[in-house]
Amino acid sequence: MYLWRSKISAGLLLAMACGDSTSDGATTSTAGTVATTTTASQGSQGDPSSGVDPSTPTDGGSGTGDSGSSGDGPAPGFDLPALDELNTDELATSPICAECHANAEGATAMRDAKSRPIAPFDLWRATAMANSARDPFWWAMMSAEVAATPVAQAEIEATCLGCHAPMARVHNEFTGLPAPTRADLLGDSKAGKLGIDGVACALCHQIQPDGLGTDASYTGGFLVKPLRQIYGPHASPFTMPMQHRTGFTPTKAEHTTSAGLCGSCHTLQTETLDPDGTKLPGLFPEQATYLEWRNSDFRDEGTPGSQAAACGACHMPTSDADGAPISTRIARNPRGADFPPIAPRDPYGRHIFVGGNTLLPALLRDHSDALRPNADAAAFDAVIASVRAQLAERTATVGLTAKRSGDSLHIDVSVHNLAGHKFPSGYPSRRAWLRIRVSDGSDALRFRSGEVDGEGRLLDGAGQPLASELVGGPVQPHHPQIASEDVAQVYESVMADKGGLPAFRLLRARSFVKDNRLLPAGWDIDHPDAARTSPVGVGADADFVAAADTTRYIVAAPVVGGPYTISVELLYQPLAPRFAAELFAVETPEVRAFEALYEGAEHTAEHVAAAELVAP
Numbered sequence: 085m086y087l088w089r090s091k092i093s094a095g096l097l098l099a100m101a102c103g104d105s106t107s108d109g110a111t112t113s114t115a116g117t118v119a120t121t122t123t124a125s126q127g128s129q130g131d132p133s134s135g136v137d138p139s140t141p142t143d144g145g146s147g148t149g150d151s152g153s154s155g156d157g158p159a160p161g162f163d164l165p166a167l168d169e170l171n172t173d174e175l176a177t178s179p180i181c182a183e184c185h186a187n188a189e190g191a192t193a194m195r196d197a198k199s200r201p202i203a204p205f206d207l208w209r210a211t212a213m214a215n216s217a218r219d220p221f222w223w224a225m226m227s228a229e230v231a232a233t234p235v236a237q238a239e240i241e242a243t244c245l246g247c248h249a250p251m252a253r254v255h256n257e258f259t260g261l262p263a264p265t266r267a268d269l270l271g272d273s274k275a276g277k278l279g280i281d282g283v284a285c286a287l288c289h290q291i292q293p294d295g296l297g298t299d300a301s302y303t304g305g306f307l308v309k310p311l312r313q314i315y316g317p318h319a320s321p322f323t324m325p326m327q328h329r330t331g332f333t334p335t336k337a338e339h340t341t342s343a344g345l346c347g348s349c350h351t352l353q354t355e356t357l358d359p360d361g362t363k364l365p366g367l368f369p370e371q372a373t374y375l376e377w378r379n380s381d382f383r384d385e386g387t388p389g390s391q392a393a394a395c396g397a398c399h400m401p402t403s404d405a406d407g408a409p410i411s412t413r414i415a416r417n418p419r420g421a422d423f424p425p426i427a428p429r430d431p432y433g434r435h436i437f438v439g440g441n442t443l444l445p446a447l448l449r450d451h452s453d454a455l456r457p458n459a460d461a462a463a464f465d466a467v468i469a470s471v472r473a474q475l476a477e478r479t480a481t482v483g484l485t486a487k488r489s490g491d492s493l494h495i496d497v498s499v500h501n502l503a504g505h506k507f508p509s510g511y512p513s514r515r516a517w518l519r520i521r522v523s524d525g526s527d528a529l530r531f532r533s534g535e536v537d538g539e540g541r542l543l544d545g546a547g548q549p550l551a552s553e554l555v556g557g558p559v560q561p562h563h564p565q566i567a568s569e570d571v572a573q574v575y576e577s578v579m580a581d582k583g584g585l586p587a588f589r590l591l592r593a594r595s596f597v598k599d600n601r602l603l604p605a606g607w608d609i610d611h612p613d614a615a616r617t618s619p620v621g622v623g624a625d626a627d628f629v630a631a632a633d634t635t636r637y638i639v640a641a642p643v644v645g646g647p648y649t650i651s652v653e654l655l656y657q658p659l660a661p662r663f664a665a666e667l668f669a670v671e672t673p674e675v676r677a678f679e680a681l682y683e684g685a686e687h688t689a690e691h692v693a694a695a696e697l698v699a700p
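All residue numbers for the sequence shown refer to our numbering, where the first residue is 85 and numbers rise by one.
Right, here's the structure in full:
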C-alpha cells in the first residue's frame, strides 16, 4: 500500500492516557525488556487485564512483593525497551535524525545568539511528544479501557497507537500488516522499534497537507505517503547530505507550521460504547484543543483573530530564552562539524513542546531504568522548569478585590486566561483551582477554601478530603459564589455517561457533566466550533465569559478583627487525585504498575498565578 491515512474509528483514541498493543500476539523478549503478552482473544474472555503486561514483578518473580491489590503475588513494574536505530527507507527512528540534528561541540549549528544549544533532537527527546509511547499513565489508562470493554480490545489498541505510537501504525499500513497492537511496542519488530519512539521527527515531518483542519483529519486522521520527503518551512534546502545519509529529501512545505497539523491528534472525537461493545450514534469531543484555538482570538486560519498565533508560537517558539529571534544553521555534519554550504535560517522553532505536564517528565526521570527514555535527568529537569515557567508566566493571571458589607467581606477573585485555548485544555484528568486564605489582624486564619493534603486532594473546613475527591463521589460544581470552607472553585471537565452520571472511562463518555474550564479570549457562541467547545454546568454565571471568570467569596470578618490579609493562588494538577483514584479502582497489571510510580511521585500542586491584599 502506497498511501496511508489513519482510519481511526472516531472515538476510541484515549488521549494522553491510552494503552498499547501486539501485531502478532506473540510472547516477546528483547534485550533490556521482559514482557509477557497474551493474544487479543484471551484478553476478551473476561480477563481484567488488557491482554498485555509491559511489566515484570518488582521482586524478580519471587512472589514476595506487595501487589497493592487484594490479589496474591509481587507488584508489577514497567520494563519498556530502549530506543533502537532503524531506517526503513520510509520511516526512521530519531537517532537517525540526531546524526545531523543534535548539537555537537565542534559545530555552531543549532545554537542561539548566546551559543546555547537548541538542536531539535536535544530539546525534543525529554518532551511528552518523544515519550508518548513510554507514558505509564497512558499504558494504565489503555488497559483500563480494554478491561471495561474487552470485546473492543483490538480497535482500542490500534486507535491509541495511531497518535501515541504513530510510526508503528504507518509502517504496518505501508507494509500491508494488520494494525499494530501494544505488544508490538514491547517486541523486536520494526513496528515496535518505530512505535516506541513516540511522536518522532520522521512522522510529523512527513505528514501531508491533505485534509488538515477538517473533521476527516481529527482523531489521528492525518495523511502520510511513502515519498521519502521530509517537510520543513525553509525554501531551497541543501538536499544532498540528507539524501546521501538517510535516503530522505528535505522539502519546503508551508503546512509544517500550521495549527491544522497539530489538530489532527489534538482533536479527539470518540465513540460511546456500552460494555458489550455496542456503539451509540454520534461522537463525543473528548479533547478539542485545536477547536478551542480556532474559536479564539489566537486563530490564524480564515479570518485571523486579534492575537493570531499558531500552536508553535507557544509550543515551538522561534525566539530564544531571552525573546530574541533565532537564526542558525539547521544541521551539522555527522562528524560533529558545520556544513559550510548551509547558511543560517529563520524562523527556527525550538522543539520544546512545552505544555502543563510536570508529572510525566518526573516519572521518566526517576524511573528511567524501567521506562527507558532516551534522555538524561538534566533534560527532564529542563522540561519541568520550562513547564513551570510557562504556567507561572504565560498561562493565566489572578485579580483580587474586597469590599466590606457589615461584618462580612465580599472578596472577588478574577481569573484571566492567557492561553490560546481553554485552561486547562486536553485530557480530562487535568484541573486548576483557587486556593484562598483570609487571616485576621492577629494572623489567625479565619477562612480557607481550596486547601489540599499531601496527596493533592482538596479538603473541607475540617481538613478532610472533599467527597468529590473520592471514588464514586459527587462532582464539585461550578460556584459563582462561595461562603463555605467545604467547597472550592475547580476549573475542570468531567465526563458523563449516557445516563448523565460521572464517567472516568473514556469510552463510556457521552457528554460532559461539567466543563467550566476557562475559555480562551475571543471565544464566540456563534462560531461553527462552539457546540463542541461550549462550557457545561456554569448556569447563569454572568461573569463566566471568554477568557475570564470571577468568583465571589463571602467571609465573616468583623471590623474589630481587622485588618484582614487575603491571599489567593491559582493552582494546577496534570492528574487530579479523583481521576487517579478512579483509575486505581481498576485491576490490571498496568494500573498497578502506574499506581506504584504515582504513589512515590511528588504531589505538590503547580503554581499558576497569585494575588494578595489587605482589607480593613
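Beta carbons are placed, not taken as given, at the ideal position from N, Cα and C, and that holds for glycine.
Counting the other Cβ atoms within 10 Å of the Cβ of Glu-183 gives 16 or more, which makes it buried. The three-state reading of DSSP puts Ala-593 in coil, since its state is none of H, G, I, E or B. DSSP places Arg-429 within a strand segment (E or B) once states are collapsed to three. Taking C-beta atoms as the reference points, Phe-306 and Ile-426 fail to come closer than 7 Å. Relative to Glu-174, the option among Phe-221, Ala-191, Phe-663, His-255 whose CA is nearest is His-255.
The C-beta separation of Leu-207 from Arg-434 comes to about 6 Å, placing the pair in contact by the 8 Å criterion. Assignment of Met-579 by DSSP, reduced to helix, strand and coil, places it in the strand class. Pairing Glu-535 with Gln-548, the inter-Cα distance amounts to about 10 Å.
Sequence-distant partners of Ser-403 (beyond 5 residues in either direction) whose C-beta falls short of 7 Å from its own C-beta, in its chain, are Pro-409, Ile-410. For Ser-533, the pairing in a beta bridge is given by DSSP as Ile-520.
Lys-277: member of the alpha helix (DSSP H) spanning 274-279, first to last residue.
Within the segment 449-500, the complete alpha helix (DSSP H) segments at least 4 residues long are 452-455, 461-478, listed from N- to C-terminus. When secondary structure is reduced to three states using DSSP, Tyr-682 falls in the helix class. Within the model, the alpha-carbon separation for Arg-195 versus Ala-203 is close to 7 Å. A contact is defined here as three or more CB-CB pairs under 8 Å, and the segment 560-577 meets this definition with respect to the segment 515-525. The beta-carbon distance between Met-326 and Ala-286, rounded to whole angstroms, is 11 Å. This is too long to meet the 8 Å contact definition. For Leu-367, the three-state secondary structure derived from DSSP is coil. Using a 10 angstroms sphere on the CB of Gln-560, the tally of other CB atoms reaches 16 or more, which defines it as buried.
The beta strand (DSSP E) runs of length 3 or more contained entirely in the segment 604-650 are, from start to end of the chain, 632-640. Shown here for Ala-228: same chain residues with a beta carbon closer than 7 Å to its own, the five before and five after excluded, namely Arg-589, Leu-667, Val-670, Thr-672, Val-675 in chain order. Under DSSP, Arg-515 takes part in a beta bridge, and its partners are Glu-576, Gln-657. DSSP places Ala-421 in no alpha helix (DSSP H); its state is neither H nor E.
The segment 459-476 makes no contact with the segment 599-615: fewer than 3 CB pairs, one atom from each, lie closer than 8 Å. Secondary structure remark: continuous alpha helix (DSSP H) runs of at least 4 residues inside the segment 297-370, in chain order: 324-330, 343-347. For the pair Gly-646 and Pro-700, the CB atoms are nearer than the 7 Å cut-off. Per DSSP, the continuous alpha helix (DSSP H) segment holding His-185 begins and ends at 178-185.
DSSP places Thr-259 in the helix class (H, G or I) of the three-state scheme. From the listed residues Arg-218, Gln-290, Gln-237, the smallest Cα separation to Gly-276 is found for Arg-218. Among the bridge pairs identified by DSSP, Val-698 is matched with Thr-649.
The residue from Thr-340, Thr-259, Thr-303, Cys-244 with its alpha-carbon nearest to that of Gln-290 is Thr-340. Pairing Pro-431 with Val-467 gives a Cβ-Cβ distance that is not under 7 Å. Inter-segment contact for the segment 483-493 and the segment 593-612 is absent: fewer than three beta-carbon pairs are separated by less than 8 Å. Per the C-alpha coordinates, the member of Phe-332, Leu-602, Gln-474 positioned closest to Met-400 is Gln-474. For Ala-693, the pairing in a beta bridge is given by DSSP as Leu-654. Here the C-alpha atom of Glu-696 lies approximately 16 Å from the C-alpha atom of Thr-634. Here His-185 is buried: its Cβ has 16 or more other Cβ atoms, across all protein chains shown, within 10 Å.
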